[in-house]
Amino acid sequence: MTMFNTIKREFQYGDQQVVIETGRIARQANSVLVHMGGVTVLVAAVVKSEAKEGQNFFPLTVNYQEKMYAAGKIPGAYGKREGRASEFETLTSRLIDRPIRPLFPEGYVNEIQITATVVSSDKTQHADIAAMIGASAALAISDAPFNGPIAGARVGFIDGEYVLNPTLEQLETSDLDLVVAGTKSAVLMVESEAAELSEDQMLGAVLYGHEQQQIVIDNIVALAEEVGTQKQNSPRLLPMLS
Numbered sequence: 031m032t033m034f035n036t037i038k039r040e041f042q043y044g045d046q047q048v049v050i051e052t053g054r055i056a057r058q059a060n061s062v063l064v065h066m067g068g069v070t071v072l073v074a075a076v077v078k079s080e081a082k083e084g085q086n087f088f089p090l091t092v093n094y095q096e097k098m099y100a101a102g103k104i105p106g107a108y109g110k111r112e113g114r115a116s117e118f119e120t121l122t123s124r125l126i127d128r129p130i131r132p133l134f135p136e137g138y139v140n141e142i143q144i145t146a147t148v149v150s151s152d153k154t155q156h157a158d159i160a161a162m163i164g165a166s167a168a169l170a171i172s173d174a175p176f177n178g179p180i181a182g183a184r185v186g187f188i189d190g191e192y193v194l195n196p197t198l199e200q201l202e203t204s205d206l207d208l209v210v211a212g213t214k215s216a217v218l219m220v221e222s223e224a225a226e227l228s229e230d231q232m233l234g235a236v237l238y239g240h241e242q243q244q245i246v247i248d249n250i251v252a253l254a255e256e257v258g259t260q261k262q263n264s265p266r267l268l269p270m271l272s
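Quick note: the sequence shown uses the working numbering, first residue 31, plus one each step.
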């Protein structure tokens, strides 16, 4: 891939058109733009080539941020600086971190920073799923030894039917708000809020979300193959402290 070559994948994900592209913005980092419905998220993953001397833990940092300009608002003279991360931003950063962290080799301690910035939103849906997809794609095209990719899906339950990636309006009448993340073959993380549902209904939601997200994983794999980044051949592996 040349520096100015744009590579993209487009596919339908439930009711929303998704576009994942790389090579146009933030080219010095492993970055992707994810357009999902009315949301656009820029995700960059920076991977250190060498481990810090004496490093005995995996320094993975995920930072999800929603800028006011994404919704068409510019801070005025009184508050030109945006404040500290909101509770939703902090929880979303953790939501992205949890399914990604286990997919690195044991003992791998090179520093990785992932930044997901919401650059545009029509405020009809949360941007967390798009950010999770972007983080997975950014790592997939990087040289990090990432054993992914993963994908995320939000599942609602409305009038007895599962709904993939419901809008905020749909969630108001949904008996379930479940986020599931996983690889091609395994579910890695589930988080949910729900009314009183049966065990079979909850399990069905997890399986439904995992099945639906396979198209995302397939497209991230295809994107990474087209980019063709050489993965780190001999990552520095240090024994983890017990």
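Glycine included, every Cβ here is placed at the ideal spot set by N, Cα and C.
Query - Any alpha helix (DSSP H) of 4 or more consecutive residues that is wholly inside the stretch 145–178 - result: 158–170
Query - Buried versus exposed call for Ser61 [16 or more other C-beta atoms within 10 Å across all chains shown] - result: Position 31 of the sequence shown, counting from 1, holds the residue named residue 61. Counting Cβ neighbours within 10 Å, Ser61 comes out buried, since at least 16 surround it.
Query - Nearest residue (CA-CA) to Asp323, options Asp152, Ile55 and Glu221 - result: This structure does not reach residue 323, given that the chain is present from 31 up to 272, and the question cannot be answered.
Report task. Using three-state DSSP, classify Asn35 as helix, strand or coil. Result -> Position 5 of the sequence shown, counting from 1, holds the residue named residue 35. The answer is coil: DSSP assigns Asn35 none of H, G, I, E or B.
Query - 4-residue-minimum alpha helix (DSSP H) runs that sit fully inside the stretch 208–269, ordered along the chain - result: Those alpha helix (DSSP H) runs which fall completely within the stretch 208–269 and span 4+ residues are 229–242 and 244–257.
Query raised in the report: Between Val71 and the rest of its own chain, which residues show a CB-CB distance below 8 Å, the 5 nearest in sequence each way excluded?
Result: Translated into the one-based positions of the sequence shown, residue 71 becomes position 41. Excluding sequence neighbours, Val71 sits near Leu63, Val64, Ala146, Thr147, Val148, Val149, Ala157, Ala160, Ala161 and Gly164.
Requested in this report: Starting from the N-terminal side, write out each stretch of the alpha helix (DSSP H) that is 4 residues or longer and does not extend beyond the stretch 179–209.
Outcome: 198–201
Query - Straight-line gap, Ala224 to Leu206 (C-alpha atoms, nearest Å) - result: As a working note, residue 224 is residue 194 in the sequence shown. As a working note, residue 206 is residue 176 in the sequence shown. Cα to Cα, Ala224 sits roughly 4 Å from Leu206.
Requested in this report: Give the straight-line distance between the Cα atoms of Ile50 and Leu227, rounded to the nearest whole angstrom.
Outcome: Translated into the one-based positions of the sequence shown, residue 50 becomes position 20. Translated into the one-based positions of the sequence shown, residue 227 becomes position 197. Ile50 and Leu227: Cα-Cα distance of roughly 35 Å.
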